[in-house]
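A.B. asks:
Protein chains: 2
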Amino acid sequence: MTTAANPQMPPRLLMGPGPINAHPRVLQAMSMQLVGQFDPSMTAAMNETMALYRDVFRTDNEHTLLVDGTSRAGIEAALVSLLEPGDRVLVPVFGRFGHLLVEIAERCGAEVHTVEVPWGEVVPDDAVEDAVRRVRPRLVAAVQGDTSTTMCQPLAGIGEICRREGVLLYVDATASLGGNPFETDAWGIDVASAGLQKCLGGPSGSAPITLGPRAVEVIEGRKHVEAGLRTDDDRSRGTRIASNYLDLAQVMDYWGQRRLNHHTEATTMLYGARACAQVLLDEGLEASIERHRLHGAAMLEGVRGLGLEVFGDVEHKMTNVVAVHIPDGVDGDAARTAMLEDFGIEIGTSFGPLHGRVWRIGTMGWNARRDAVLTTLAALEAVLRAAGVPVTAGGGTGAAREVYA
Amino acid sequence: MTTAANPQMPPRLLMGPGPINAHPRVLQAMSMQLVGQFDPSMTAAMNETMALYRDVFRTDNEHTLLVDGTSRAGIEAALVSLLEPGDRVLVPVFGRFGHLLVEIAERCGAEVHTVEVPWGEVVPDDAVEDAVRRVRPRLVAAVQGDTSTTMCQPLAGIGEICRREGVLLYVDATASLGGNPFETDAWGIDVASAGLQKCLGGPSGSAPITLGPRAVEVIEGRKHVEAGLRTDDDRSRGTRIASNYLDLAQVMDYWGQRRLNHHTEATTMLYGARACAQVLLDEGLEASIERHRLHGAAMLEGVRGLGLEVFGDVEHKMTNVVAVHIPDGVDGDAARTAMLEDFGIEIGTSFGPLHGRVWRIGTMGWNARRDAVLTTLAALEAVLRAAGVPVTAGGGTGAAREVYA
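Protein sequences appear in the order of chains Z and W. According to full-length UniProt numbering, the first sequence is numbered sequentially starting from 1. According to full-length UniProt numbering, the second sequence is numbered sequentially starting from 1.
1. Output the distance between the C-alpha atoms of Z:Val218 and Z:Gly212, rounded to the nearest integer angstrom.
2. Just to confirm before moving on: does the CB-CB distance between Z:Gly307 and Z:Ala387 stay below 9 Å?
3. Interface residues of chain Z around W:Gln197 at Cβ under 7 Å?
4. Figure out for me which residue from Z:Ala334, Z:Val191, Z:Leu270 and Z:Ala298 has the closest Cα to the Cα of W:Met9.
5. Who are the near neighbours of Z:Gly395 in its chain, counting only those whose CB is closer than 8 Å to its CB and skipping five residues on each side?
6. Quick one, which residues of the region 82-106 of chain W are near chain Z if we go by CB-CB under 8 Å, in chain order?
7. Within the chosen definition, does the region 252-267 of chain W reach the region 248-258 of chain Z through at least 3 CB pairs nearer than 8 Å?
8. In the DSSP assignment, what are the bridge partners of W:His63?
9. So W:Ala173 and W:Ala186 are in contact, right, with Cβ under 8 Å, and what is the actual spacing, rounded?
10. Strictly below 7 Å CB to CB, what residues from chain W border Z:Val35?
11. Under 9 Å, Cβ to Cβ, is there at least one residue of chain Z near W:Glu346?
12. When we look at the beta-carbon of W:Ala399 and count the other beta-carbons within 10 Å, is it buried (16 or more) or exposed?
13. Are the CB atoms of W:Val123 and W:Pro85 within a distance shorter than 9 Å?
14. Compute the distance between the beta-carbons of W:Thr239 and W:Arg222, then report whether it is under 9 Å.
15. Between Z:Phe343 and chain W, is there a C-beta pair that is closer than 9 Å?
16. For a cutoff of 9 Å on Cβ pairs, would you count W:Cys108 as touching chain Z?
17. Taking Z:Gly362 as part of the beta strand (DSSP E), name the residues at either end of that continuous run.
18. According to DSSP, what are the bridge partners of Z:Lys317?
19. So W:Gln28 contacts chain Z; which residues on that side make the cut at Cβ distance below 7 Å?
20. Alpha carbon to alpha carbon, how far is Z:Leu66 from Z:Tyr53? Give it in angstroms, no decimals.
21. Any idea what DSSP makes of W:Val310, helix, strand or coil?
22. Could you tell me if Z:Ala105 is buried or exposed, where buried requires 16 or more neighbouring beta carbons within 10 angstroms of its beta carbon?
23. Does the beta carbon of Z:Tyr404 sit closer than 9 Å to a beta carbon anywhere in chain W?
24. Alpha carbons only, please: which of Z:Val391, Z:Leu377, Z:Asp371 and Z:Ile326 is nearest the one belonging to Z:Leu354?
25. For Z:Glu62 versus Z:Arg274, is the C-beta distance shorter than 9 Å?
26. Mark W:Glu346 as exposed unless 16 or more other C-beta atoms lie within 10 angstroms of its C-beta, in which case mark it buried.
27. How would you list, in chain order, the residues of chain C whose beta-carbon sits under 7 Å from the beta-carbon of W:Tyr245?
28. On the DSSP bridge assignment, give the partners of Z:Asp146 in chain order.
29. Output needed for Z:Asp55: all residues of its chain with C-beta closer than 6 Å, excluding positions within five of it in sequence on either side, in chain order.
30. Can the beta-carbon of W:Thr363 be found less than 9 Å from the beta-carbon of W:Val321?
31. Where do the ends of the beta strand (DSSP E) carrying W:Thr114 lie?
32. Are the Cβ atoms of Z:Thr264 and W:Ser71 separated by less than 9 Å?
33. For W:Gly16, return the contacting residues in chain Z, with the cut-off set at a CB-CB distance below 7 Å.
34. Measure the CB-CB distance between Z:Ile289 and Z:Gly178 and report whether it falls below 9 Å.
35. Taking only three categories from DSSP, how would you classify W:Pro11?
36. Starting from Z:Ser204, find everything on chain W with Cβ-Cβ shorter than 7 Å and list it in chain order.
Structure below.
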C-alpha cells in the first residue's frame, strides 16, 4: 500500500458568494471511516440527519432527507418528480437562478411562464398573484436567495397565494438557508431544497430537501406507472418520473421506514451534511441567522466605508452576500486576482447583466466571522489603493468596527 | 462557534459487495479545506484528476471527468445524454444491474431490448451479435461486473461487434474497475462510468466517466436545441437532453478547456476521487488488479475450505467478490448479524433470485488485504460452528494461507 502524501491545496479565505470554507468540524466528520449501507448505525445516522434537517427547514415533514448530489441535483429532483410533461409552471425570476429553474422545468417538458423584475429587485406579491390567476400553474417554483443579485425574495405572501389558489410551491433555498429566516411550514411551502456550501458551512455535494404532504401525494401518485409502460400518453397525469437517480418516490422509500435499496449512499457527504446541521443547531438557528445578519451588516458598512457603492435594493438583500460596484477605472478581475494572490482571499465575480460591473462578497457559514470580515476589508483597501482608487485609510475596517461596537 | 464532537461511527470491516472501507489516504484527502470553484489550484486539481482517470480507464479520451453523484448518477448521465426518445437500446442482462440499465434507458424514452442469461452466467458474444443484428440498436449498454451475481462480462468481443455494426457501446464498470482488467480504448468502448466505492477504495458519491469521440459527437450534436424550444418532435434526432444536472454536454464544457460554469463542484468528493486514483496508480493498475486476483483467490479457496459451495460460473467471476451458498439449516441473516455484532465484519446479503440463498463476500479496494481475508474467514468459521455447521477447524484460513504461500 502506498503511503505517499496527498497534494495540498493552498490556504484560501473564501469570501465570495459560495462555496465558502467548510467548518473544521464538518471536515473532521468527512474523514470518518465508512459503515455499510444498511448497518444499524447507518440507519441511525440517516434518521438523525432527517430530524436535524426538519429543524433547519422549520418543518414537521416526515420526508426530509438528502439527495446525493449538489444543490442543483436537489432542484432537479424536486422538479422532475413534481412536474409532468405539459404541466404549467410559474417562475418568479429576479436573477440567474430563476433562469435555472426555468431551464430545468423546460427540460422536464413543462410549459414555463415567468414573472420577471430587473436584477437588484424582488418580485412583488401582487405580480405573482396576477400571474398565478392568469397562468393557472400546477407549480410555482421560486428562488429565495439569488446570489447573482444578492436579493432575498419574500415568500410568506407567495405561500399564501399558492395555498389560496391550490398551487404547489417549490423553493430553492440553497443560498439562504441557515443565514436568513426560512419557514417551510409557516409559509406553506410544499418542497424546499438547499445545498451545504453557503450558510450551512459545508462543501457542495449533498442537497437537503423537505417534502410536504401535498407534494408527497403527487409524487407517490406517479409510482403506479410500472417499468415497461412506454406507451403512456405523456400529456396525461401519472407519467413515469423521467429520472431514476432523482426519482423522489424511490428516494423517499430509501430514506423512509421501508428503507428500500436505491443508490449506494454517499456516506461521506451524509457525514458532512449531518455535521453541518449539528454545527448550526448547536449554535441555534436563530443565533446563526443573527450572526449572518451581524457580519453581513458589518461587511455592508465596511464596503461603504471604503467608498464603494452597493448594488440593488439593500432592504431586500440576503444577510450573507453583498454586491458592490467596481469603481470606474478599476479592472475588476485584476483586483480579484490581487486579492487571491497577495492575500489568499477570494471574492466573487458576477454574471449576466452584472458581469464586469460588480464584485460579490460573502459572509456566510463558518466565514461569517469578525476576523474574516475585517481581514477582507483590510485587504480590499490595500488592493483598491494599489489600483489608484482614493480610499480613506481604515475606512472599511473602521465602519465595520462600528457595527460590531 | 461550537466545539462539540462529531458522533462516531462503529468500527467495521466491510467485506460485502461494496461499499467497502475507504483507504485512509482517501479519507485524509476528504478532510482538506476547500478552495474556490475557479481557483487556479482547483483547475489544476481537475486537470490532474482527468489525467489520472485516463490511466485508470486505459484511454486517451480527453473527456474523462467526474459526475457529482453516486455511480448511478454516472450511469444515468451517460444514458440520458446519449439516448433520445425512441432510440433502440440493447442490454445484455445477467443480474440486477443489467435490469437497472434497462430501467434507466426506459425512463429516457428508449425502446429497450434485452438478451438475458440465468444469474451466475455471462452473456455469450454470439448472443449479443445475433441480437444486435436483429434489433439494430443505437446503443449497447452493458455491465462489466455485476455484484448481484459476481459475474464479470467479457467485453472485448462485444466491443468488436459494436464497432463492426456501427453501434455505440456504454459500459457500467462500477463494481469492477481497478480490480479487473478494463480497456476502454482497446475494447472499443465509447462511454464507461464507475464509482469509488468498490475497487477504487473510496466512498460512494463521485462517478468517474470517460467519453470517446463517437459519443462526444452524439452529445455535442444535441446542444443546438436551445432553451425554450419545446415544440420538438421528440421522435427526431437532436432532442434536448432531458436533464440539466446530468447533461454531459454541459458537464464536458465545465471540465474542458472552456471551463464554463455549471454546478458547484463537490470539491470534497473531487479530492476523494483524485486520491483514489492516486492510491491506485501509485500501486500500479496491473499490481492492483493482481492484488485483487490474489486476495479474491484466497477468499474463494478459504470459503471452499470452510466447506461452502461457491455460486455461479467461477471462470467468469470478478476477482473482487464471491457468492457462497448459505448452508442448509443456517439462517443467513442471523449469521450476518453475528458477523457484524460479534466481529464487526459486514458480509453481504443478496437480491432477486438469490435472496436468502447466498452470501456475498468482497475483497476489494483497501480491503483486498491478507489480514482482512484471514480475519473474515476466522470469524465466519466461528459463526458457522455456532450455527451448528460442521466445519474443519482452520479449514478456511488454512486454504487461504495456501494461496498466499
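Glycine is no exception: its CB is placed at the ideal position from the N, C-alpha and C atoms.
C.D. replies: Walking through what the data contain:
1. Position 218 of the first sequence, counting from 1, holds the residue named residue 218 of chain Z. Position 212 of the first sequence, counting from 1, holds the residue named residue 212 of chain Z. Cα to Cα, the separation comes out at about 10 Å.
2. For the purposes of this step, residue 307 of chain Z is taken as residue 307 along the first sequence, with counting starting at 1. For the purposes of this step, residue 387 of chain Z is taken as residue 387 along the first sequence, with counting starting at 1. No, the Cβ-Cβ distance between Z:Gly307 and Z:Ala387 is not below 9 Å.
3. Here residue 197 of chain W is taken as the residue at index 197 of the second sequence, counted from 1. Close to W:Gln197, with beta-carbon spacing below 7 Å, are these residues of chain Z in chain order: Thr264.
4. Position 9 of the second sequence, counted from the start, is the residue given in the question as residue 9 of chain W. The shortest C-alpha separation from W:Met9 is found at Z:Leu270.
5. By 1-based counting over the first sequence, the position of residue 395 of chain Z is 395. Once the five neighbours on either side are set aside, the close Cβ partners of Z:Gly395 are Gly305, Leu306, Gly307 and Glu381.
6. Correct list: Leu100, Val102, Glu103, Ile104 and Glu106.
7. No: the two stretches stay apart, fewer than three of their Cβ pairs being nearer than 8 Å.
8. On the second sequence, position 63 is the one that residue 63 of chain W refers to. Beta-bridge partners of W:His63 (DSSP): W:Leu211.
9. Residue numbering aside, residue 173 of chain W sits at position 173 when the second sequence is read from its first letter. Residue numbering aside, residue 186 of chain W sits at position 186 when the second sequence is read from its first letter. Going by Cβ atoms, the distance from W:Ala173 to W:Ala186 rounds to 14 Å, so no, they are not a contact pair.
10. In the first sequence, the residue the question calls residue 35 of chain Z occupies position 35. Simply Met9, Pro10 and Arg12.
11. Locating residue 346 of chain W in the second sequence gives position 346, where the first residue counts as 1. With 9 Å as the cut-off, W:Glu346 counts as an interface residue toward chain Z.
12. Translated into positions along the second sequence, residue 399 of chain W becomes position 399. With a 10 Å radius around the Cβ and a threshold of 16 neighbouring Cβ atoms, W:Ala399 comes out buried.
13. Taking the second sequence and counting its residues from 1, the one referred to as residue 85 of chain W is at position 85. Taking the second sequence and counting its residues from 1, the one referred to as residue 123 of chain W is at position 123. No.
14. Counting from 1 along the second sequence, the entry for residue 239 of chain W is found at position 239. Counting from 1 along the second sequence, the entry for residue 222 of chain W is found at position 222. Their beta carbons are under 9 Å apart, which means W:Thr239 touches W:Arg222 by this criterion.
15. As a working mapping, residue 343 of chain Z is identified with position 343 in the first sequence. Not closer than 9 Å to any Cβ of chain W, the Cβ of Z:Phe343 fails to qualify, so no.
16. Working through the second sequence from its first residue, we reach residue 108 of chain W at position 108. Closer than 9 Å to some Cβ of chain Z, the Cβ of W:Cys108 qualifies, so yes.
17. Walking along the first sequence from the start, residue 362 of chain Z turns up at place 362. Bounds of the beta strand (DSSP E) holding Z:Gly362 are Val358 to Gly362.
18. Locating residue 317 of chain Z in the first sequence gives position 317, where the first residue counts as 1. Beta bridge pairing from DSSP links Z:Lys317 with Z:Met151.
19. If you number the second sequence from 1, residue 28 of chain W lands on position 28. Within chain Z, the residues near W:Gln28 are Asn6 and Ser31.
20. In the first sequence, the residue the question calls residue 53 of chain Z occupies position 53. In the first sequence, the residue the question calls residue 66 of chain Z occupies position 66. The straight-line gap from Cα to Cα measures roughly 9 Å.
21. Here residue 310 of chain W is taken as the residue at index 310 of the second sequence, counted from 1. If DSSP states are grouped into helix, strand and coil, W:Val310 belongs with the strands.
22. Locating residue 105 of chain Z in the first sequence gives position 105, where the first residue counts as 1. With at least 16 other beta carbons inside 10 angstroms of its own, Z:Ala105 counts as buried.
23. Against the first sequence, residue 404 of chain Z aligns to sequence position 404. Under the Cβ criterion of 9 Å, Z:Tyr404 is not counted among the residues facing chain W.
24. Working through the first sequence from its first residue, we reach residue 354 of chain Z at position 354. Distances from the CA of Z:Leu354 to each of Z:Val391, Z:Leu377, Z:Asp371 and Z:Ile326 were compared; the closest alpha carbon is that of Z:Ile326.
25. If you number the first sequence from 1, residue 62 of chain Z lands on position 62. If you number the first sequence from 1, residue 274 of chain Z lands on position 274. No, the pair does not count as a contact, with Cβ atoms beyond the cut-off.
26. For the purposes of this step, residue 346 of chain W is taken as the residue at position 346 of the second sequence. Label assigned to W:Glu346: buried.
27. The structure shown has no chain C; the protein chains it does contain are Z and W.
28. Counting from one through the first sequence, the residue named residue 146 of chain Z turns up at place 146. The partner list for Z:Asp146 (beta bridge, DSSP) reads Z:Met151.
29. As a first step, residue 55 of chain Z must be located in the first sequence, where it is residue number 55. Result list for Z:Asp55: Leu281, in chain order.
30. The residue you call residue 363 of chain W lines up with position 363 of the second sequence. The residue you call residue 321 of chain W lines up with position 321 of the second sequence. One thing to note: W:Thr363 has its Cβ within 9 Å of the Cβ of W:Val321.
31. Translated into the one-based positions of the second sequence, residue 114 of chain W becomes position 114. For W:Thr114, the enclosing beta strand (DSSP E) has its first and last residue at Glu111 to Glu116.
32. Numbered from 1 along the first sequence, position 264 holds the residue referred to as residue 264 of chain Z. Numbered from 1 along the second sequence, position 71 holds the residue referred to as residue 71 of chain W. Cβ distance < 9 Å, so Z:Thr264 and W:Ser71 count as in contact.
33. To locate residue 16 of chain W, count along the second sequence from 1; it is residue 16. The answer, in chain order, is Gly36.
34. Locating residue 289 of chain Z in the first sequence gives position 289, where the first residue counts as 1. Locating residue 178 of chain Z in the first sequence gives position 178, where the first residue counts as 1. It is a contact, given that the beta carbons lie within the stated cut-off.
35. Here residue 11 of chain W corresponds to residue number 11 of the second sequence, with the count starting at 1. Coil, per DSSP.
36. Walking along the first sequence from the start, residue 204 of chain Z turns up at place 204. Simply Thr264, Glu265, Ala266 and Thr267.
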